[in-house]
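Here the structure comes first, spelled out in structure tokens, and everything after it is commentary.
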Amino acid sequence: MRADRLTQTMLDLGPAFIKVGQVLSTRPDIVPPTYVESLSSLQDEVPEETGGDPFTVVEAELGDTLDLETVTPIAGGSLAYVYTAEYGGEQIALKVRRPDLAAMIERDLRVIRRLIPLITFFADDRQRYSLENAANDFEEIIRDELDFEREAAVMDEIGTNFAADDRVVIPETYPALCSARIVAMEYVEGTKITDSNALERAGVGETEMATLITRTYLRMGLVDGVFHADPHPGNLAVTDTGQLVIYDYGMSQRLTSQEQADIAALYRTLVRRDVDGLVDALIALEVLDATVDRVAVRRALDLVIETLEGQSEITWRAIITELFTMLHDFPFRIPPNVMLLVRVGTVGEGVCRSLDPKFDFLATTQSFLIDHGFIESELEALFEDIRDDVRQSAPIVAGLPAQVNTVFGQLERGELVVRTESVEPTTIDSGLGYAVLSSAFVLAAALLSFQSTLDAAIAFVVSIVFLLMYVRG
Ligand SMILES: Nc1ncnc2c1ncn2[C@@H]1O[C@H](COP(=O)(O)OP(=O)(O)O)[C@@H](O)[C@H]1O
Ligand SMILES: [Mg+2]
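Position in the sequence shown counted from 1, then plus 6, gives you my numbering.
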């Protein structure tokens, strides 16, 4: 199958491409379903020998500090190995970057950079905007993930933010042992979050855990502004006492308070079917270019909402797919923070639904946003509107009936919103606030550009792959 061949090619090409494949596997908005399935296997299958043996890094950096006899591998991924070791009588975990990786990735990135002009040559004007940003975003994401000092700093920061929350565990770091290639941290024993026996042993219900996960991610993104952007089941665990453990902060992002506000605005406008406000929010988040044809975008967004309303069950994934399919005709891009939002939403929703197939991710998001004052409940919003109307109309008693009409109009729209609750969650994802990964990669861009014509996409991907082999060969 072509999808499997693409996956194998990514494996053959090396770490930067494996990363790209992993990213693509969480982007149902860009990649056709069969590809998503095949690329998902990249999450687990990583050639052991790529990038060198991380144990040599432990020897070089911590040979004098640790008893190397106690250093035991427990997990291996495309970028790093995780070991346990004894240190000062404690069991610690060491996440160690593969030694030759940085150079390999720099080389891959150079290749990708050289391909950009070629790809933009094939793209039409509308797509150029997306494409030119995509490669830069990808570079940013992958460089961040290689930077273990950044990873340790983010862990410390998120750990501090959750210090008072005993339901969530973020391993503490050992700064004296950390370096650009090593994250040394407390060893926290946990069982994979999707293991239903573990949840049962700990006395935590599936829905309860799914709710905790959703609210934890929303809090990181929208309240604290630093979030873990990679909530796949391999990075989430449950302790014997039912706490949620979050590992792996390589993919993490920050949101400014302005971005948090823009994301909340996105949600609010969506809930209220305020398409004009939605366009503004998308422009503020730099998803749409400020010069975009507003009338045409409005029409497209109306259609998105209509399509979603017609679906019996609305998921984040469905919203993203609809939204991006429609926006595809406009100069749109997915900046890294929005990409992370998309990713956290899609991956997080997937985890929650594998815990509880009926879990309503969007409803949970909505109640979080209301609890934290990001959006008013529909009722409050209605009263707020009435107050405004009354204030405006008070001096003109004659005008009152018209105001009342307006309010009824809003009420009707409000009811509509209630029926289409799931639409709101779209914004939510954004709310999740995450950010990173995105886009970027050339293949993603290529698939995106030709989404409508799968064969063209495949031909294009294959030609890139050949070109890459040629350039690198
Ligand atoms: N502090 C820790 N305590 C216990 N296990 C850990 C710790 N950190 C990582 N692990 C284990 O190692 C695995 C891989 O670590 P992770 O940080 O996710 O690396 P990768 O980037 O390779 O996915 C995790 O899924 C988890 O099982
Ligand atoms: Mg991981």
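In this text, a Cβ means the ideal position worked out from N, Cα and C, and glycines have one as well.
Computed from a prediction, not measured in an experiment: that's the story for all the values here.
- According to the DSSP assignment, residue 82 belongs to the beta strand (DSSP E) that extends over 78-82.
- Of the candidates 343, 362, 76 and 57, 343 places its Cα closest to the Cα of residue 260.
- A Cβ-Cβ separation of about 7 Å places residue 174 in contact with residue 252 under the 8 Å criterion.
- Each residue's CA atom was taken as its position, placing residue 203 and residue 304 some 48 Å apart.
- Counting only residues of its own chain and dropping the five nearest sequence neighbours on each side, residue 296 has a CB closer than 7 Å to the CB of 289.
- From the listed residues 158, 10, 195 and 112, the smallest Cα separation to residue 96 is found for 195.
- Residue 212 and residue 178 have their alpha carbons spaced roughly 26 Å apart.
- At least one heavy atom of ligand 2 sits closer than 7 Å to the Cβ of residue 253.
- Relative to ligand 1, the beta carbon of residue 180 is positioned no closer than 7 Å to any heavy atom.
- One alpha carbon belongs to residue 372, the other to residue 238, and they sit about 22 Å apart.
- Ranked by Cα distance from residue 358, the options 323, 315, 162 and 117 are led by 323.
- When 362, 363 and 330 are compared, the shortest CA-CA separation from residue 348 is found for 330.
- DSSP places residue 191 inside the beta strand (DSSP E), whose first and last residues are 188-192.
- Of the residues 326, 267, 320 and 257, the one whose Cα lies closest to the Cα of residue 367 is 320.
- CA-to-CA, the gap between residue 98 and residue 307 works out to about 50 Å.
- Where residue 166 is concerned, the enclosing alpha helix (DSSP H) starts and stops at 154-167.
- At least one heavy atom of ligand 2 is found less than 7 Å from the C-beta of residue 83.
- In this structure, the C-beta of residue 80 approaches ligand 1 to less than 7 Å from one of its heavy atoms.
- Residue 257 and residue 143 have their C-alpha atoms some 13 Å from each other.
- Proximity of the beta carbon of residue 158 to ligand 1 is not indicated: no heavy atom of the ligand is located closer than 7 Å.
- Leaving aside the five residues that flank residue 79 on each side, the residues in its chain whose CB is nearer than 6 Å to its CB run, in chain order, 87 and 89.
- Beta-bridge annotation (DSSP): residue 251 is paired with 175 and 243.
- Residue pairing by DSSP places residue 102 opposite 87 and 188 in a beta bridge.
- In the three-state DSSP reduction, residue 278 falls in the coil class, being neither helix nor strand.
- If you check the C-beta of residue 89 against ligand 1, you find no heavy atom less than 7 Å away.
- In the assembly as shown, residue 281 is a buried residue. Its beta-carbon has 16 or more other beta-carbons within 10 Å.
- Closest by C-alpha distance to residue 155, out of 337, 188, 243 and 254, is 188.
- The residues 85, 256 and 257, in chain order, have a CB closer than 7 Å to that of residue 151 in the same chain once the five nearest residues on each side in sequence are set aside.
- When the five nearest sequence neighbours on each side are left out, the beta carbons in the same chain lying within less than 6 Å of the beta carbon of residue 226 are those of 233, in order along the chain.
- With a 10 Å radius around the Cβ and a threshold of 16 neighbouring Cβ atoms, residue 206 comes out exposed.
- The three-state reading of DSSP puts residue 374 in helix, counting H, G and I together.
- Looking at the backbone, the Cα of residue 267 and that of residue 381 are separated by about 11 Å.
- Per DSSP, reduced to three states, the secondary structure at residue 96 is strand.
- Taking residue 265 as reference, the option from 228, 249, 76 and 254 with the minimal CA-CA separation is 228.
- Relative to ligand 2, even the nearest heavy atom lies 7 Å or more away from the CB of residue 58.
- Straight across, the Cα-Cα distance linking residue 186 with residue 114 is about 20 Å.
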